[in-house]
Structure formats: C-alpha cells, structure tokens
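Engineer: Before I ask anything, let me first share the structure, which is written out below as structure tokens.
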Amino acid sequence: MQTIEKIGKFVGDTFAIWILVIAGLALYAPEQFTWIGPHISLLLGIVMFGMGMTLSIGDFKLILKQPKGVIVGVLSQFIVMPLLAYILAKGFNLSPEVAIGVILVGSCPGGTASNVMTFLAKGNTALSVTVTSITTLLAPLLTPAIVYLLASEWLKVSASDMFISVVKIVLIPILLGIVVKLIFKNKTDAAIGVMPLISVIAIVMIVAAVVGGSRDKILETGLLIFAVVILHNGLGLLFGFLIAKALKLNYEDQKAISIEVGMQNSGLGAALAVAHFSPLAAVPSAIFSVWHNISGPLLATYWSWKANKKTLKVLDGNKE
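Position one of the sequence shown corresponds to residue 65 (this note's numbering), numbered consecutively onward.
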C-alpha cells in the first residue's frame, strides 16, 4: 500500500506533465480515446467520492473561526470567474458553443488541486480546503443558476436538468464518500491513500476523452480558446489576490483565495458540457485543466521561494 501511495504522490506531483502527455496523444490518435467519452460523468463521480472520503467536521470549523476569509473565498469563486468568463466570451466574440464552455468552467466550484497548490505556496491550506468544500457543496444550486443567467443568450440552458446532473455527479458521490468514511472509519485510511492516484487517472482520462472527441475543432480554434483560457485563469488568480488584499486578509489568506479562485473543477465543466451541450463546449474545460495545472505550480513555486527567502532573512537577522 505504501508503494501505491508513493506512486500516487509522484503522479500527483507531476500531474501537469501527464495532462500534457495525454492531451498530445489524444490529438495524435483521437480514436484511441473517444470510447472514454460516455464515461466522463462516472469518472468525475469517482473523484468526488474520493473527496467525500477525505472530508471531516474540521474542514468546516474554519467557518466559525475565520468567517471573513471563507465568505470572501466563496463569493469570489462564484462571482469573479463567471463574470470574467462572460466578459471574455463577449470581448472575443466567441462562437455559442465555445462561449458556453468558457462560462461553464467559470461557473464551476474550485478544484481539489487548489488545496495542494496552496499548501505548496505556503498559503492558508485550511482556508483553501474549507472554501473548496463549501463551493463544491453549493455547486448543484449555483453552477446551473449562474450558467442560466450568463449563457442563455448563446444557447438554450436548462438549469433544472443541469441541477440534476450536478447532484448526480458531485453531491451524491461526495455524500456516499462521507457515509462510507463514517461507517468504516479507520478501515478507509488505506483507500484514502490510494484515492489521489485514482483521481489523477480519472482527470487524465477525462481530458483525453474531451481532446480526442474534439480534435478537429481544437486544431481549428485551439489557439483562440487557449488564449481565452490563459486570460481567464490569470485574471482569476490576480483578482482573487487583489480582492483578498483589498479586504485586508493576511498574506497567507490572500494566496489561498487567489489560487482558489483561479483554479476550477474543470472536470465538472467538461462533464456538464458533454452531457448538456456538445464536445466542443467541453474544450475550454479540457484546456483549462491542462493550463491551470501549469500556472498553479508555477505560482506556488514562486510564493514558496518568496516565503523561504523571507524565513532565511529572519534567521540571519536572529543570528546577528
């Protein structure tokens, strides 16, 4: 079991590389990955089940201890990214399906990878975990509502159908994970250690399915979508940081909010796009999944370096 956990840690640490490799393979030989398409919702459900198994009451105690940081994080997640998506869709005059896809990924909750990036960045990891958990649990209500409000001018959006999908893909698996953990308690520790590896494999397969299923469209409009995704992610990271700073949260909280806002549950965006719109609408989510697993580690590495440098200065000053 320890060997599997070590493999899981290695794969998790090199997540961006695996995403890039599988995306390249799917572009080169799409027919090898299109069979995964019908199973995207199941794969994401497995990821959410794993998240449920890791949740505890402690993840929500921060609401009482640091309500300001939690509220800022949750509101920023569901306001900043959707509005940025809408502005970018209008500004770049995106086609209806691509516009829907950008707004969809912007309306999703934070991704679990944000917790790891916040930890690496020496930010407030507890705050990141709490915000991710709350936004994920609110997603069945807020994601369909936001998509309906912002995207209906491009294509018909059924908020009720999308609500049912998010409940099936996100809420039910999370609740099942929580129930399994409560029933089996310590016996689930081994399974929890394996879940990061399973989650990485699932997300990689989702990206492969979306890229393989939309290869021609990606080659045709990929550069434009990639530019939009980079702007969307970069502005999300920037505005998340600036909002937290303007509201006078401490530096560790600012880093957590920045990463939480900028990194989305793009797997959910891809699953909803395929289920309710088209494979092309899932492309922004697939590219977002690739890109934020590059930008996130880069930003985390910079902040970690900055924190280490500050620590060394303090230590040197104490020696003097």
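Note that CB positions come from ideal geometry on N, CA and C, so glycine has one too.
Treat the numbers as computed from the prediction; the structure is a model and nothing was measured.
For the segment 350-370 against the segment 321-333, are there 3 or more C-beta pairs whose distance is under 8 Å?
Structural biologist: yes
Engineer: Following the continuous alpha helix (DSSP H) through L184, name the residue where it begins and the one where it ends.
Structural biologist: Reading the sequence shown from its first residue, position 120 is the one you call residue 184. L184 -> alpha helix (DSSP H) spans 177-184.
Engineer: Taking the Cβ atom as the reference point for each residue, do I143 and L214 lie within a distance shorter than 8 Å?
Structural biologist: Along the sequence shown, one-based indexing puts residue 143 at 79. Along the sequence shown, one-based indexing puts residue 214 at 150. Between I143 and L214, the C-beta spacing is not below 8 Å.
Engineer: Please go through the segment 146-219 and give each complete alpha helix (DSSP H) segment of 4 or more residues, from N-terminal end onward.
Structural biologist: 160-170, 177-184, 189-215
Engineer: List the endpoints of the continuous alpha helix (DSSP H) containing I247.
Structural biologist: To locate residue 247, count along the sequence shown from 1; it is residue 183. From DSSP, the alpha helix (DSSP H) with I247 extends over 236-248.
Engineer: Quick check on the burial criterion: 16 or more other C-beta atoms within 10 angstroms. Buried or exposed for Y366?
Structural biologist: The residue you call residue 366 lines up with position 302 of the sequence shown. Exposed, by the Cβ-count rule.
Engineer: Using the Cα positions of L205 and V231, report the straight-line distance between them to the nearest angstrom.
Structural biologist: Start at 1 with the first residue of the sequence shown, and residue 205 comes out as number 141. Start at 1 with the first residue of the sequence shown, and residue 231 comes out as number 167. Approximately 9 Å between the Cα atoms of the pair.
Engineer: Between which two residues does the alpha helix (DSSP H) harbouring F97 extend?
Structural biologist: Start at 1 with the first residue of the sequence shown, and residue 97 comes out as number 33. Note, F97: premise wrong, no alpha helix (DSSP H); not H, not E.
Engineer: Can we say the segment 328-346 touches the segment 303-311, given the rule of at least three CB pairs closer than 8 Å?
Structural biologist: no
Engineer: Would DSSP call Q328 helix, strand or coil?
Structural biologist: Looking up residue 328 in the sequence shown gives position 264. Q328: strand per DSSP, three-state reduction.
Engineer: Please determine if the segment 173-193 and the segment 134-150 are in contact, where contact requires at least 3 C-beta pairs separated by less than 8 Å.
Structural biologist: Yes, the segment 173-193 is in contact with the segment 134-150.
Engineer: If you draw a straight line from the C-alpha of L344 to the C-alpha of N372, how long is it?
Structural biologist: Residue 344 sits at position 280 when you count from the first residue of the sequence shown. Residue 372 sits at position 308 when you count from the first residue of the sequence shown. If I take the Cα positions, the gap works out to 43 Å.
Engineer: Run the CB neighbour count on L107, radius 10 Å, all protein chains shown included, and call it buried at 16 or more, exposed below.
Structural biologist: Taking the sequence shown and counting its residues from 1, one reaches residue 107 at position 43. Buried, because 16 or more other Cβ atoms sit within 10 Å of the Cβ of L107.
Engineer: Could you round the C-beta distance between I86 and V243 to whole angstroms and report it? I think they count as a contact, below 8 Å.
Structural biologist: Counting from one through the sequence shown, the residue named residue 86 turns up at place 22. Counting from one through the sequence shown, the residue named residue 243 turns up at place 179. About 32 Å separates the two Cβ atoms, so there is no contact after all.
Engineer: Under 8 Å: do the segment 145-153 and the segment 161-177 share three or more Cβ pairs, one atom per stretch?
Structural biologist: The answer is yes - the segment 161-177 touches the segment 145-153, with three or more Cβ pairs under 8 Å.
Engineer: Using only CA atoms, which one of S178, K154, M115 lies nearest to L301?
Structural biologist: On the sequence shown, residue 301 is found 237 positions in, with the first residue counted as 1. Ranked by Cα distance from L301, the options S178, K154, M115 are led by S178.
Engineer: Compare the C-alpha of G165 against each of W355, Y150, T176, E95 and name the closest.
Structural biologist: Taking the first residue of the sequence shown as position 1, residue 165 is located at position 101. The candidate whose alpha carbon is nearest that of G165 is Y150.
Engineer: Using 8 Å for Cβ pairs, my map puts A223 next to P208. What's the rounded Cβ distance?
Structural biologist: Stepping through the sequence shown from its first residue, residue 223 is reached at position 159. Stepping through the sequence shown from its first residue, residue 208 is reached at position 144. About 4 Å separates the two Cβ atoms, so the contact holds.
Engineer: May I have the straight-line CA-CA distance separating V211 from L158, to the nearest angstrom?
Structural biologist: Indexing the sequence shown from 1 puts residue 211 at position 147. Indexing the sequence shown from 1 puts residue 158 at position 94. Roughly 16 Å separates the two Cα atoms.
Engineer: Tell me, to the nearest whole angstrom, how far the beta carbon of I289 is from that of V347; I am working on the premise that it is less than 8 Å.
Structural biologist: Stepping through the sequence shown from its first residue, residue 289 is reached at position 225. Stepping through the sequence shown from its first residue, residue 347 is reached at position 283. Correct: roughly 6 Å between the Cβ atoms.
Engineer: Roughly how many angstroms lie between the CA atoms of A90 and I121, to the nearest whole one?
Structural biologist: Start at 1 with the first residue of the sequence shown, and residue 90 comes out as number 26. Start at 1 with the first residue of the sequence shown, and residue 121 comes out as number 57. If I take the Cα positions, the gap works out to 40 Å.
Engineer: On the criterion of 16 or more Cβ atoms from any shown chain inside 10 Å, does A320 qualify as buried, or is it exposed?
Structural biologist: Residue numbering aside, residue 320 sits at position 256 when the sequence shown is read from its first letter. Counting every other CB atom within 10 Å of its CB across the protein chains shown gives A320 a total of 16 or more, marking it as buried.
Engineer: How many angstroms separate the CA atom of I274 from the CA atom of I127?
Structural biologist: Numbered from 1 along the sequence shown, position 210 holds the residue referred to as residue 274. Numbered from 1 along the sequence shown, position 63 holds the residue referred to as residue 127. It should be noted that the sequence gives Val, not Ile, for residue 274. V274 and I127: Cα-Cα distance of roughly 36 Å.
Engineer: If we ignore side chains and look at the alpha-carbon of each, how far apart do L261 and K370 end up?
Structural biologist: The sequence position of residue 261 within the sequence shown is 197, counting from 1. The sequence position of residue 370 within the sequence shown is 306, counting from 1. Near 30 Å, if we compare the C-alpha coordinates of K370 and L261.
Engineer: Could you name the residues of the same chain whose beta carbon sits closer than 8 Å to that of F352, not counting the 5 residues immediately before and after it, in chain order?
Structural biologist: Counting from 1 along the sequence shown, the entry for residue 352 is found at position 288. Cβ within range, chain order: V169, V293, H296, N297, Q328, S330, G333.
Engineer: Out of L287, F124, F248, E284, which has the shortest C-alpha to C-alpha gap to T200?
Structural biologist: The sequence position of residue 200 within the sequence shown is 136, counting from 1. Out of L287, F124, F248, E284, F124 has the C-alpha closest to the C-alpha of T200.
Engineer: Would G155 pass as a contact of G277 if the rule is Cβ separation under 8 Å?
Structural biologist: Taking the sequence shown and counting its residues from 1, one reaches residue 155 at position 91. Taking the sequence shown and counting its residues from 1, one reaches residue 277 at position 213. Contact: no.
Engineer: Would DSSP call I121 helix, strand or coil?
Structural biologist: Against the sequence shown, residue 121 aligns to sequence position 57. Residue state, collapsed to three classes: coil.
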